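As structure tokens, the structure follows; a few thoughts come after it.
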Amino acid sequence: MARLVVHAARLIDGRGSPPVSEAALVCDEGKIVYAGPAGGAPVAKPDDIRIDSADGTLIPGLIDCHVHLCFDGVADFAGEARAMTPASAALKAARNARRALEAGITTVRDLGGIELVMLEVARAQREGVIFGSRIFSAPAVLTVTGGHGHFIGWEVDSAEELIKAVRRLIKAGAQWIKIMSTGGVLTPGIGAQRSAYTVDQLASAIDEAHEAGVRVATHAIGAEGIVRALRAGVDSVEHGCYLGDEALKLLAENGAWLVATLVAPERILHGGEGVPDYALQKSEEVGAVHRDSFRRAVDAGVRIAAGTDAGTPFNTHGGLWRELALMHSAGMPLERVLVAATSEAAALLNIQAGALEPGLLADAVVLARDPLTDPAAYRDVALVIQDGVVVFDGR
Ligand SMILES: [Zn+2]
């Protein structure tokens, strides 16, 4: 395999270091071997594949920490779920993983499909059967009977049932566990803020997963459900719409991540026609407080990783650029936005990626514009590199 050498006007490492001008990235055998000033790069070899992007900015491959690849982002999410079969889910997920990759998203965390389809899709990507973002998956969500997402997940109520479900998922190959700690916007008949499990129940499931080295994400909208999940030791809070002082304190103390998905309610409200009334009403209810919670989390310095909830209404795959612009407009400096979509996201996923430094997976993106001055820069992807190979060239 020949080395890949990319020259660009600027390189941003994804850790928050100052940009390097007139930079080079060298990838070999799927790993980064050099990232820095072009003058310091290893001596060129005759069979190097060389790419010059004189105006471009090199950044790490983007990571979307919250997607639903089986879902296309149609107006009626629950309706799409009802009509889905395992075969149609797999086909859609394969196409959506490709769309995400071509938008510069080299890795995703999928937080729920139907049955255990996403495990197969993730495997197909790893084995080169399909072409798309690298996938880490919580294939089936765990929820109380009648709780949020019951139409795609497993309904489990007691601590014993939770432990059994966690064991079954890990046995099947799940890399993540996702538990619904509160109601949600896209499930009819349950208040979005209602808490689902007790702290003890959540802790039983989370301890069981941690024992096996598997991390746990929780969908949590209401203040009480967020606090319960954090007390129980959850690794990431998804949405976190109503973040009280106690939640912010626990997030900071635990070193847990917030994945806000600001774009999800925004698209439900403004993306187009046909969203069911219950989803519109609940999005209206959470919208303003959600942005306010996010701003307070930024100010409190808690760990934040970027995620979109892509697959929900009008929230299409590859649309991470929308979320990154919203995170900035809600108060996050552009330097931190980039870190949230790269090295912090990789830290949450516990993978050797998310930064341009030697030894890490050779995932990188060249943007046509500078993301440290232009919040919309992520929309114009010139080049995508995954595992040291150019997988998209939009120049
Ligand atoms: Zn979701």
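Start counting the sequence shown at 91; every next residue gets the next number (the working numbering). Each residue gets a CB set at the ideal place from its N, CA and C atoms; glycine is no exception. As the structure is a computational prediction, the values presented were derived from the model and not from experiment.
So is the beta-carbon of Leu232 under 7 angstroms away from any non-hydrogen atom of ligand 1? Between ligand 1 and Leu232, a heavy atom-to-CB distance of less than 7 angstroms is absent.
In its own chain, which residues sit with a C-beta less than 6 angstroms from the C-beta of Ala183, not counting the 5 before and 5 after it? Sequence-distant partners of Ala183 (beyond 5 residues in either direction) whose C-beta falls short of 6 angstroms from its own C-beta, in its chain, are Leu159, Cys160, Val211.
Residue range of the alpha helix (DSSP H) that Gly380 falls in? Note on residue identity: the sequence assigns His, not Gly, to residue 380. It spans 367-390 - the alpha helix (DSSP H) in which His380 sits, taken as one unbroken run.
Please report the residue range of the alpha helix (DSSP H) in which Ala228 lies. Premise fails: Ala228 is in no alpha helix (DSSP H) and is neither H nor E.
Leu457 - containing beta strand (DSSP E), residue span: Note, Leu457: beta strand (DSSP E), 454-457.
Mind checking if Ile141 is an interface residue toward chain D, Cβ cutoff 8 angstroms exclusive? Checking the listed chains, one finds no chain D in this structure; it contains a single protein chain.
Residue nearest to Val392 in terms of C-alpha spacing, selected from Lys339, Glu425, Lys372, Ala431: When each option's Cα is compared against that of Val392, the closest is Lys339.
Ile122 to Ile475, Cα distance in whole Å? Each residue's CA atom was taken as its position, placing Ile122 and Ile475 some 11 angstroms apart.
How many angstroms separate the CA atom of Pro278 from the CA atom of Arg357? Using only the alpha carbons, I get a separation of about 18 angstroms.
Best match in Pro461, Asp464, Val455 for proximity to Arg486 [C-alpha to C-alpha]: Nothing about residue 486 can be read from this structure; the chain reaches only from 91 to 485.
Candidates Gly263, Leu359, Ile316, of which the one nearest Gly303 by Cα: Shortest Cα-Cα distance from Gly303 to any of Gly263, Leu359, Ile316 involves Gly263.
Other residues of its chain near Val234: CB distance less than 6 angstroms, five sequence neighbours each side excluded: Within the same chain, Cβ atoms closer than 6 angstroms to the Cβ of Val234 are found at Asp247, Ala286, the five residues on either side in sequence being excluded.
To which residues does DSSP link Met270 through a beta bridge? His309, per the DSSP bridge assignment.
Which residues are close to ligand 1, meaning CB closer than 6 angstroms to any heavy atom, in chain order? Cβ-based neighbours of ligand 1 within the cut-off: His156, His158, Leu201, Asp399.
For Leu457, I'd like the list of residues in its chain whose CB is within less than 7 angstroms of its CB, leaving aside the five on either flank, ordered along the chain. So the list reads Gly146, Thr147, Ile149, Ala467, Tyr468, Asp470, Val471, Ala472, once near-sequence residues are dropped.
Just to confirm, are Ala415 and Pro465 a CB contact at a threshold of 8 angstroms? With respect to the 8 angstroms criterion, Ala415 and Pro465 are classified as neighbours on the basis of their beta carbons.
Find the nearest neighbour of Pro461 within the set Asp200, Ala430, Ile269, judged by alpha-carbon distance. Of the candidates Asp200, Ala430, Ile269, Ala430 places its Cα closest to the Cα of Pro461.
Got a sec, what are the start and stop residues for the alpha helix (DSSP H) Ala113 sits in? Per DSSP, Ala113 is not a residue of any alpha helix (DSSP H); the beta strand (DSSP E) it occupies stretches across 110-118.
Residues sharing a beta bridge with Leu473, DSSP: Val456, Asp483, per the DSSP bridge assignment.
Where DSSP assigns a beta bridge to Asp142, which residues make up the other side? Per DSSP, His97.
Here's a check: name, in chain order, each residue in its chain whose Cβ is nearer than 6 angstroms to the Cβ of Arg105, leaving out the five neighbours to either side. Counting only Cβ-Cβ distances below 6 angstroms, and skipping sequence neighbours, we find Ser433, Ala445.
From Ala400, Gly120, Ser143, Glu112, pick the residue whose C-alpha is nearest to that of Gly202; which is it? Nearest option by C-alpha distance: Ala400.
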